[in-house]
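Participant:
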Amino acid sequence: MPVQDVLWDTVAANSSTSWFIHGYSATEAVVFSIVVFPGTGEGVPYPVAHATLTQGESFQHVDGTQAYKIYIQNNAPFNSCDFHVLAIVESL
């Protein structure tokens, strides 16, 4: 199955965010990945793109679909970081 571009977001320097993503069936396996881009930072002439994705929690959502909680940490100390979350979905 092709990769799905699930969402796009920006995280401030040394900050993190989390997302609750649902809508997958009980017979689908989902793996998430991120593509990062340097954001901006005052006085930062060469911003870096450095982030960590953590995936580990899964739930059955109230609508019956499978849900996943992911966390993204911006490791760039002085600038924001833009990222796209990608999902690879395989059916069992």
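FYI, in my numbering the residues of the sequence shown are 109 to 200. Beta carbons are placed, not taken as given, at the ideal position from N, Cα and C, and that holds for glycine. As the structure is a prediction and not an experimental result, all values here were calculated from the model.
Kindly indicate which three-state DSSP category residue 136 falls into: helix, strand or coil?
Facilitator: Along the sequence shown, one-based indexing puts residue 136 at 28. Looking at residue 136 - three-state DSSP - the assignment turns out to be strand.
Participant: Would residue 163 pass as a contact of residue 178 if the rule is Cβ separation under 8 Å?
Facilitator: Here residue 163 refers to the residue found at position 55 of the sequence shown. Here residue 178 refers to the residue found at position 70 of the sequence shown. Yes, the pair counts as a contact, with Cβ atoms nearer than the cut-off.
Participant: Give me the Cα-Cα distance between residue 166 and residue 126, rounded to the nearest whole angstrom.
Facilitator: The residue labelled residue 166 in the question sits at position 58 within the sequence shown. The residue labelled residue 126 in the question sits at position 18 within the sequence shown. Spanning the two alpha carbons is a distance of roughly 13 Å.
Participant: Quick one: what does DSSP say residue 172 is sitting in, helix, strand or coil?
Facilitator: Counting from one through the sequence shown, the residue named residue 172 turns up at place 64. The answer is coil: DSSP assigns residue 172 none of H, G, I, E or B.
Participant: Could you please give the first and the last residue of the uninterrupted beta strand (DSSP E) stretch that includes residue 118?
Facilitator: Numbered from 1 along the sequence shown, position 10 holds the residue referred to as residue 118. Residues 112-119.
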